[in-house]
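2 protein chains.
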Amino acid sequence: MRSAAVIGTGLIGTSVALALSQRGVSVYLSDADPSTARTAAAMGAGNLGLPETPVDLAVFAVPPARISAEVARWQRIGLARAYTDVGSVKARPGQELSACGGDPASYVGGHPLAGGERSGPLAARGDLFQGRYWVLTTSDHTDQSAFNHALELVSLCGAVPVLMNTVAHDRAVALTSHAPHMLAALMAGRLVEAEDSAVRISGQGLRDMTRIAGGDPGLWSEILDSNAAAVADVLASVADDLDRTVSALRALVEKDEASAESSRRDLEELLRRGTTGRARIPQKDGRPSFDLTAVPVEISDRPGALAHLLADAGACGVNIEDVRIEHVPDPPRGLVELMVERAAAGPLSASLRNSGWLLQK
Amino acid sequence: MRSAAVIGTGLIGTSVALALSQRGVSVYLSDADPSTARTAAAMGAGNLGLPETPVDLAVFAVPPARISAEVARWQRIGLARAYTDVGSVKARPGQELSACGGDPASYVGGHPLAGGERSGPLAARGDLFQGRYWVLTTSDHTDQSAFNHALELVSLCGAVPVLMNTVAHDRAVALTSHAPHMLAALMAGRLVEAEDSAVRISGQGLRDMTRIAGGDPGLWSEILDSNAAAVADVLASVADDLDRTVSALRALVEKDEASAESSRRDLEELLRRGTTGRARIPQKDGRPSFDLTAVPVEISDRPGALAHLLADAGACGVNIEDVRIEHVPDPPRGLVELMVERAAAGPLSASLRNSGWLLQK
Chain A
1 MRSAAVIGTG LIGTSVALAL SQRGVSVYLS DADPSTARTA AAMGAGNLGL PETPVDLAVF
61 AVPPARISAE VARWQRIGLA RAYTDVGSVK ARPGQELSAC GGDPASYVGG HPLAGGERSG
121 PLAARGDLFQ GRYWVLTTSD HTDQSAFNHA LELVSLCGAV PVLMNTVAHD RAVALTSHAP
181 HMLAALMAGR LVEAEDSAVR ISGQGLRDMT RIAGGDPGLW SEILDSNAAA VADVLASVAD
241 DLDRTVSALR ALVEKDEASA ESSRRDLEEL LRRGTTGRAR IPQKDGRPSF DLTAVPVEIS
301 DRPGALAHLL ADAGACGVNI EDVRIEHVPD PPRGLVELMV ERAAAGPLSA SLRNSGWLLQ
361 K
Chain B
1 MRSAAVIGTG LIGTSVALAL SQRGVSVYLS DADPSTARTA AAMGAGNLGL PETPVDLAVF
61 AVPPARISAE VARWQRIGLA RAYTDVGSVK ARPGQELSAC GGDPASYVGG HPLAGGERSG
121 PLAARGDLFQ GRYWVLTTSD HTDQSAFNHA LELVSLCGAV PVLMNTVAHD RAVALTSHAP
181 HMLAALMAGR LVEAEDSAVR ISGQGLRDMT RIAGGDPGLW SEILDSNAAA VADVLASVAD
241 DLDRTVSALR ALVEKDEASA ESSRRDLEEL LRRGTTGRAR IPQKDGRPSF DLTAVPVEIS
301 DRPGALAHLL ADAGACGVNI EDVRIEHVPD PPRGLVELMV ERAAAGPLSA SLRNSGWLLQ
361 K
């Protein structure tokens, strides 16, 4: 890929443009708001304005409702050889493109799984997509060369391509992105009328739980609109569980011992489903949570021995994901398992042996 | 304070014990599970077993339903001169203490606003409470000397004491901790039956939003039970908003243009309430989000100038919280405002001037 156009220079568009520019691609920048495009250009994301001859790929980073019309319009002008977008919903733009008079052959749907709390070009980074999944969707009409241009884009951005069916993609993002966003917003919305003293004692848990609710309401209502059926299905089942929760809590307030027992069971089961579901989420993007291995170390039973071991392990720069400890009676000692990523087990073992620790196995 | 007993050596109890031990207090450790107390002792949190003479303060870090009975039991034995706990609900233990035959005079309710995703003594840290709020609650019967012992505990742990009414406290934590926990769990619970390919493309947003759902279900069902009325009130109002959301989404699926307009307005209003509510949450514990100040820097209008400025600002170790940019036409240049914490503005300005940047004002 030698040239590209980025239409829409917000956080995602400017980050794509930065990544491509940094890899030597000639990038042309355009945005409905000229000052936004100027800011992106000032950051080194590319040149203002449009190319005189068609570029290899045009990337549309515009609000979801405008994608199909914009792609169709620029296809008629002949801006590029291939067209893709970065919208988080995929079924509708594909369906609408033909209706708008667009060409489905040169269009590949795209959705990079990256973003940030802040929006706009100033929050952009060329490495925003590094190691992230980037979903691509095709139709029966898609040209192989258009698909290959999209694959090259993903690769130049350092991301991992994933081919998905548009409907499966939209259901997946309803579950893992759109419904969580709405729930975070509804929880945060309850703080609007809270007393200052209540908000003051909120901690990291609430901050993390509502972080995504900081996104632009106008953009997010468009995203939810464009995936309304799938999001409604997820939220309706959350609403059922929420009603069950409220009923259980009200029954506990009544202090009727017969119903209290089953209410407590209900609550605990719902909480347990939460921990089970959460364990399925990859720990870091693209890295499953179960790829851990144990480094077993013997320690003496004296106070501070474990603290020393953890300090030595921490000093060698390896991330300790979990620690398990067992006490062995004869002679009295501890067996500590340091859980680390598989690739880190070798360096950690070597470093601990050097520091005089006794490793098992 | 010269001596303390910590009853219950999980994450919070062991962290309290570590903080006190590190400040020279003699700490005695006890837990219903002896191996847990042994692990805490091995980490340097204190001595196993109980003191022969009364300690200055006993800290109860046991499940919420057991607090009042445990405090009353140890008050009868005369374990300490003053008693406090670290439970996240405060009205019920206070009410129940007298019913259990306990002494309200030597008891002060406590709730440190700190915690972690992981539980158990191995996750404990002596600096867990550093800079965090620590709520204290008293009754009409509370001794001044007991209150002063609790204040000293908070101070030795490096936390900031906040005196609150028990009912106001419980309503506040229902809103900022218990209801968010349950909602995070309900969202995570929807992942249990999801397809692998859907879970695979989940990102940082879902991970953050559901982080708190990793907590121990048994402990959390007890916490919710002990604050059931207040949590039910918050969740019932979230349920109303959730029903409104699902109705709006279903109306958008119907594509009835008359109702679509008001449905979009509903969604956007709910999302906007979310961003408004979220803006009320302090950015870091105990630090309001608005204590930022601008460092204004002139830059040339050439590509890359902004990137260089941000790199130089980043290199001096100051956290840039936000960036605003304006373009000035004559001569063409940019005016960049780097938003930083008030205390960081001086060092950042000096460092940028040293690097040759032109600062305004």
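Just so you know, the protein sequences line up as chains A and B, in that order.
All the letters of the first sequence, read from the start, carry residue numbers 1 to 361 under this note's numbering.
All the letters of the second sequence, read from the start, carry residue numbers 1 to 361 under this note's numbering.
Even for Gly, the Cβ is constructed at its ideal location relative to N, Cα and C.
Residue span of the beta strand (DSSP E) that contains residue i, given as start and end
{"i": "E52 of chain B", "result": "No beta strand (DSSP E) contains E52 of chain B, which DSSP labels as neither H nor E."}
{"i": "D85 of chain B", "result": "A80 to D85"}
{"i": "E341 of chain B", "result": "R333 to E341"}
{"i": "H308 of chain B", "result": "It is not in any beta strand (DSSP E) - H308 of chain B instead sits in the alpha helix (DSSP H) that spans A305 to A315."}
{"i": "G109 of chain B", "result": "Y107 to P112"}
{"i": "I320 of chain A", "result": "No beta strand (DSSP E) contains I320 of chain A, which DSSP labels as neither H nor E."}
{"i": "P161 of chain B", "result": "V160 to L163"}
{"i": "W134 of chain A", "result": "Y133 to T137"}
Residue from the options with nearest C-alpha to residue i
{"i": "A294 of chain A", "options": "A:D233, A:S349 and A:F129", "result": "A:S349"}
{"i": "V373 of chain A", "options": "A:A307, A:R342 and A:N148", "result": "A question about residue 373 of chain A goes unanswered here, because the residues of chain A that appear run from 1 up to 361."}
{"i": "L57 of chain A", "options": "A:A5, A:W74 and A:L306", "result": "A:A5"}
{"i": "V62 of chain A", "options": "A:V336, A:P161, A:R125 and A:G120", "result": "A:G120"}
{"i": "V16 of chain A", "options": "A:R244, A:A232 and A:L156", "result": "A:L156"}
{"i": "R207 of chain A", "options": "B:A91, B:L175 and B:T36", "result": "B:L175"}
{"i": "L20 of chain A", "options": "A:I77, A:L153 and A:T39", "result": "A:L153"}
{"i": "P64 of chain A", "options": "A:D127, A:L306, A:T39 and A:G218", "result": "A:G218"}
{"i": "I281 of chain B", "options": "A:L338, A:Q360 and A:D196", "result": "A:D196"}
{"i": "N148 of chain A", "options": "A:G110, A:M339 and A:D256", "result": "A:G110"}
{"i": "L242 of chain A", "options": "A:L48, A:V297 and A:G274", "result": "A:G274"}
{"i": "V108 of chain B", "options": "B:F60, B:A279 and B:V25", "result": "B:F60"}
Partner residues on chain A for residue i, Cβ-Cβ distance less than 9 Å
{"i": "M339 of chain B", "result": "Residues of chain A passing the Cβ test: none, with the nearest at roughly 11 Å."}
Partner residues on chain A for residue i, Cβ-Cβ distance less than 7 Å
{"i": "W357 of chain B", "result": "Residues of chain A passing the Cβ test: none, with the nearest at roughly 15 Å."}
{"i": "P217 of chain B", "result": "E268, L271, R272 and T275"}
{"i": "R264 of chain B", "result": "S221 and D225"}
{"i": "G334 of chain B", "result": "A42"}
Euclidean distance between Cα positions of residue i and residue j
{"i": "H181 of chain A", "j": "A228 of chain A", "result": "13 Å"}
{"i": "R324 of chain A", "j": "A32 of chain B", "result": "19 Å"}
{"i": "P332 of chain B", "j": "S300 of chain B", "result": "7 Å"}
{"i": "G131 of chain B", "j": "A159 of chain B", "result": "5 Å"}
{"i": "S68 of chain B", "j": "V86 of chain B", "result": "12 Å"}
{"i": "S30 of chain A", "j": "G8 of chain A", "result": "6 Å"}
{"i": "R272 of chain B", "j": "A188 of chain B", "result": "24 Å"}
{"i": "A124 of chain A", "j": "I12 of chain A", "result": "7 Å"}
{"i": "P288 of chain B", "j": "I320 of chain B", "result": "Residue confidence for P288 of chain B is low, a pLDDT of 42 falling below 50, so the modelled location carries little weight; the figure read from the coordinates is stated next. Spanning the two alpha carbons is a distance of roughly 16 Å."}
{"i": "A114 of chain B", "j": "N354 of chain B", "result": "40 Å"}
{"i": "G377 of chain A", "j": "P161 of chain B", "result": "Residue 377 of chain A lies beyond the residue range present for chain A, which begins at 1 and ends at 361; the question has no answer from this structure."}
{"i": "L310 of chain B", "j": "F129 of chain A", "result": "20 Å"}
{"i": "T137 of chain B", "j": "D240 of chain A", "result": "36 Å"}
{"i": "G44 of chain A", "j": "D312 of chain B", "result": "16 Å"}
{"i": "V246 of chain B", "j": "A213 of chain A", "result": "17 Å"}
{"i": "D266 of chain B", "j": "L183 of chain A", "result": "15 Å"}
Extent of the continuous alpha helix (DSSP H) to which residue i belongs
{"i": "P93 of chain B", "result": "A91 to A99"}
{"i": "R272 of chain B", "result": "E257 to A279"}
{"i": "I77 of chain A", "result": "I67 to I77"}
{"i": "A248 of chain A", "result": "A228 to E254"}
{"i": "H178 of chain B", "result": "Segment: none, H178 of chain B is in no alpha helix (DSSP H) and carries neither H nor E."}
{"i": "P34 of chain A", "result": "P34 to A42"}
{"i": "I12 of chain A", "result": "L11 to Q22"}
{"i": "A198 of chain A", "result": "D196 to R200"}
{"i": "A150 of chain A", "result": "Q144 to L156"}
{"i": "L206 of chain B", "result": "Q204 to T210"}
Proximal chain B residues relative to residue i, where beta-carbon distance stays under 9 Å
{"i": "V363 of chain A", "result": "Lying outside 1 to 361, the shown extent of chain A, residue 363 of chain A is not represented and no answer is given."}
{"i": "Y133 of chain A", "result": "R200, I201 and G203"}
{"i": "L11 of chain A", "result": "The contacting residues do not exist; L11 of chain A stays about 13 Å from chain B at best."}
Proximal residues of chain A, C-beta to C-beta of residue i below 8 Å
{"i": "A236 of chain B", "result": "V246"}
{"i": "S177 of chain B", "result": "S202, G203, G205 and L206"}
{"i": "G314 of chain B", "result": "The contacting residues do not exist; G314 of chain B stays about 11 Å from chain A at best."}
Proximal residues of chain B, C-beta to C-beta of residue i below 8 Å
{"i": "V154 of chain A", "result": "Under the 8 Å cutoff, chain B gives no residues; its nearest Cβ is about 14 Å from V154 of chain A."}
Contacts that residue i makes with chain B (C-beta to C-beta distance below 7 Å)
{"i": "V323 of chain A", "result": "L122"}
{"i": "P64 of chain A", "result": "Neighbours of P64 of chain A on chain B: none; closest Cβ ~13 Å, over 7 Å."}
Cβ pair count under 8 Å reaching 3, the segment 138-153 of chain A against the segment 159-172 of chain B: no
Three-pair Cβ contact test at 8 Å for the segment 244-253 of chain A versus the segment 195-205 of chain B: Counting C-beta pairs closer than 8 Å gives fewer than three between the segment 244-253 of chain A and the segment 195-205 of chain B, which falls short of the contact rule.
Segment contact flag, the segment 217-227 of chain A with the segment 222-238 of chain B, C-beta cutoff 8 Å, min 3 pairs: Too few Cβ pairs lie closer than 8 Å, so no.
Three or more C-beta pairs below 8 Å linking the segment 101-116 of chain A and the segment 79-93 of chain A: yes
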